[in-house]
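Have a look at the structure below before the remarks.
Listed below in structure tokens is the structure:
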């Protein structure tokens with residue numbers, strides 16, 4: 001159970017992103033003491049990046065002819081604090097073409113090449129639209145927007161060859177769809193150059209491509225501020241107000257919260273890993289979305305990796321990844337990497353949404369991560385090295401794809417969840433398309449068909465090896 005649904009005596013762990021954005025100009029504690037309206041035109045459940053972007057597109061439509069009626073009441077409910085679950089992980093990464101076309105029994109999404117191309121082009125469009133909104137509202141410095149390259153480092157010839165072959169498959173799929181590579185992907189296969197440029201121990205090659213990062217908590221906060229300050233609509237945000245149940249009644253939905261009830265004709269669940277508890281046991285969404293707990297950390301770098309010597313890129317390693325922020329280097333380890341390194345048990349991560357605790361094994365593993373990874377990384381001064389670690393919860397789905405759209409057989413109830421760790425690189429275009437659907441009952445024609453929720457998708461089952469096989473690609477039952 002997530003921290004905000006537990007007793008108040010045991011709160012969620014505090015992420016680096018929340019710790020560096022908790023001052024008087026933030027939205028911490030916003031609306032927690034305000035009277036909850038009895039009704040609304042639209043209720044958005046969840047104030048992470050998905051909820052924030054949906055609210056933004058409802059209040060700032062690109063086409064002024066497609067707007068919510070002026071004066072409409074939009075209420076945003078947040079169970080804990082803004083961006084306190086999946087949205088407080090590291091900045092976004094793009095989906096992997098091989099994982100999208102790999103079969104579901106092998107841990108992939110089982111898509112055709114054409115559908116995989118659609119999704120990756122959509123993620124690139126998401127990146128471009130995020131930048132456009134940030135620059136339109138003069139938020140570049142407020143959200144720490146960084147634009148540059150992301151580097152993936154390879155330590156084995158097999159890993160380098162596999163990545164290069166995947167890149168060639170990606171280019172072939174792009175050509176078949178009438179497109180060309182837009183990410184400026186470049187490979188280096190010279191071991192000496194790879195070690196010099198990456199500074200990663202044992203590097204024999206690397207690849208780079210265009211990318212960008214933001215401070216996810218700051219971006220979510222600023223987007224919500226833009227919606228709340230709208231003069232055309234009555235928009236309110238209520239933090240520390242978890243939705244406990246949703247009950248359809250005639251043409252309305254009754255949302256029960258910890259602070260009372262509110263009714264609305266349209267309710268949108270931007271609840272990601274915290275979605276299943278809102279559905280009865282027999283509903284497919286009770287098990288189609290499942291939580292994955294991950295522990296991350298942030299490091300204070302030594303002088304050799306600070307200032308002009310700071311890493312000038314985000315990194316992906318054979319195990320883990322890191323991103324340089326304005327206040328430290330954030331390190332993340334995937335569940336598969338933790339399990340592969342025998343750090344903890346699978347049940348510590350898979351189908352676990354308890355973000356109130358730290359795992360000692362993960363903390364110990366993180367403490368030595370940068371020393372093991374970078375050549376010349378030496379933590380000598382007090383205060384250098386791992387300075388904070390936290391757990392958070394992402395949402396995975398049985399078919400490894402987000403669930404966007406109206407819940408089947410439940411008029412007025414919509415969902416935007418199950419981002420499988422790619423929320424920051426997907427939610428903008430999803431929020432844009434969902435806002436249009438809510439208002440006009442028509443989909444954006446460029447929106448990936450594979451994301452749309454349907455009875456057929458919800459009928460998909462777990463592979464023989466259950467959630468473990470889905471996450472790791474390994475069937476332990478055989």
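Numbering (UniProt numbering), first residue to last: 1 to 478.
Don't be surprised by glycine CBs; every beta carbon is placed ideally from N, CA and C.
In this text the structure is predicted, and so the values were computed from the model without any measurement.
Secondary structure of residue i, DSSP reduced to three states
i: residue 362; result: helix
i: residue 252; result: strand
i: residue 77; result: strand
i: residue 420; result: coil
i: residue 44; result: strand
i: residue 469; result: helix
i: residue 321; result: strand
i: residue 442; result: coil
i: residue 482; result: This structure cannot settle anything about residue 482, because the visible part of the chain is limited to 1 through 478.
i: residue 3; result: Per-residue confidence for residue 3 stands at a pLDDT of 45, beneath the threshold of 50, marking its modelled position as unreliable; no derived number is given.
i: residue 15; result: coil
i: residue 49; result: helix
i: residue 177; result: coil
i: residue 8; result: A caution first: residue 8 carries a pLDDT of 47, below 50, which makes its placement in the model unreliable, though a value can still be read off. Coil, per DSSP.
i: residue 378; result: coil
i: residue 299; result: strand
i: residue 293; result: strand
i: residue 20; result: coil
i: residue 327; result: coil
i: residue 229; result: coil
i: residue 236; result: strand
i: residue 114; result: helix
i: residue 165; result: helix
i: residue 398; result: coil
Integer Cβ distance of residue i from residue j, believed to fall under 8 Å
i: residue 203; j: residue 155; result: 6 Å
i: residue 299; j: residue 200; result: With a Cβ gap of about 15 Å, residue 299 and residue 200 do not count as contacting.
i: residue 235; j: residue 59; result: 6 Å
i: residue 554; j: residue 80; result: Outside the displayed span of the chain (1 to 478) sits residue 554, for which this structure offers no information.
i: residue 423; j: residue 49; result: 6 Å
i: residue 143; j: residue 222; result: 6 Å
i: residue 53; j: residue 431; result: 3 Å
i: residue 27; j: residue 224; result: 6 Å
Proximity to residue i [Cα-Cα], best of the options
i: residue 429; options: 301, 171, 118, 248; result: 118
i: residue 254; options: 446, 10, 412; result: 412
i: residue 207; options: 34, 217, 374, 185; result: 185
i: residue 238; options: 34, 389, 447; result: 34
i: residue 461; options: 70, 289, 140, 159; result: 289
i: residue 313; options: 115, 212, 351; result: 212
i: residue 36; options: 387, 383, 256, 398; result: 256
i: residue 352; options: 468, 385, 379; result: 468
i: residue 174; options: 112, 433, 48; result: 112
i: residue 369; options: 53, 338, 393, 27; result: 338
i: residue 14; options: 394, 280, 355; result: 355
i: residue 178; options: 114, 132, 129, 196; result: 114
i: residue 420; options: 292, 25, 23; result: 292
i: residue 16; options: 271, 386, 396; result: 386
i: residue 263; options: 216, 157, 76; result: 76
i: residue 243; options: 23, 279, 140; result: 279
i: residue 435; options: 68, 134, 157; result: 68
Cα-Cα separation, residue i to residue j
i: residue 410; j: residue 248; result: 8 Å
i: residue 110; j: residue 366; result: 33 Å
i: residue 45; j: residue 458; result: 21 Å
i: residue 404; j: residue 161; result: 35 Å
i: residue 416; j: residue 285; result: 12 Å
i: residue 127; j: residue 55; result: 18 Å
i: residue 29; j: residue 453; result: 33 Å
i: residue 450; j: residue 193; result: 40 Å
i: residue 482; j: residue 268; result: Outside the shown range of the chain, which is 1 to 478, sits residue 482, and nothing can be said about it.
i: residue 464; j: residue 400; result: 16 Å
i: residue 226; j: residue 437; result: 21 Å
i: residue 138; j: residue 445; result: 30 Å
i: residue 4; j: residue 477; result: For residue 4, the predicted model reports a pLDDT of 49, less than 50, meaning its position is unreliable and no value from the coordinates is stated.
i: residue 164; j: residue 189; result: 10 Å
i: residue 414; j: residue 406; result: 4 Å
i: residue 121; j: residue 295; result: 30 Å
i: residue 123; j: residue 433; result: 13 Å
i: residue 261; j: residue 62; result: 32 Å
i: residue 455; j: residue 282; result: 14 Å
i: residue 106; j: residue 251; result: 42 Å
Chain D contact for residue i (CB, 9 Å cutoff)
i: residue 305; result: Going by chain labels, chain D is absent from the structure shown, which holds only one protein chain.
Residue i beta carbon near the ligand PLP (any heavy atom closer than 8 Å)
i: residue 233; result: The ligand PLP is absent from the structure shown, which contains no ligands of any kind.
**Request:** Give a yes or no on contact between the stretch 332-344 and the stretch 352-364, applying the rule of three or more CB pairs nearer than 8 Å.
**Result:** yes
**Message:** I want to know whether the stretch 169-185 touches the stretch 95-102 - three or more CB-CB distances under 8 Å.
**Reply:** yes
**Prompt:** For the 8 Å Cβ check, are there 3 or more pairs between the stretch 303-319 and the stretch 371-380?
**Reply:** yes
**Request:** For the stretch 141-152 and the stretch 207-226, state whether three or more C-beta atom pairs, one from each stretch, are separated by less than 8 Å.
**Result:** yes
**Asked** Counting Cβ pairs closer than 8 Å, one from the stretch 34-43 and one from the stretch 67-78, do we hit at least three?
**Response** yes
**Asked** Okay, do the stretch 322-330 and the stretch 299-312 touch, 3+ Cβ pairs below 8 Å being the bar?
**Response** yes
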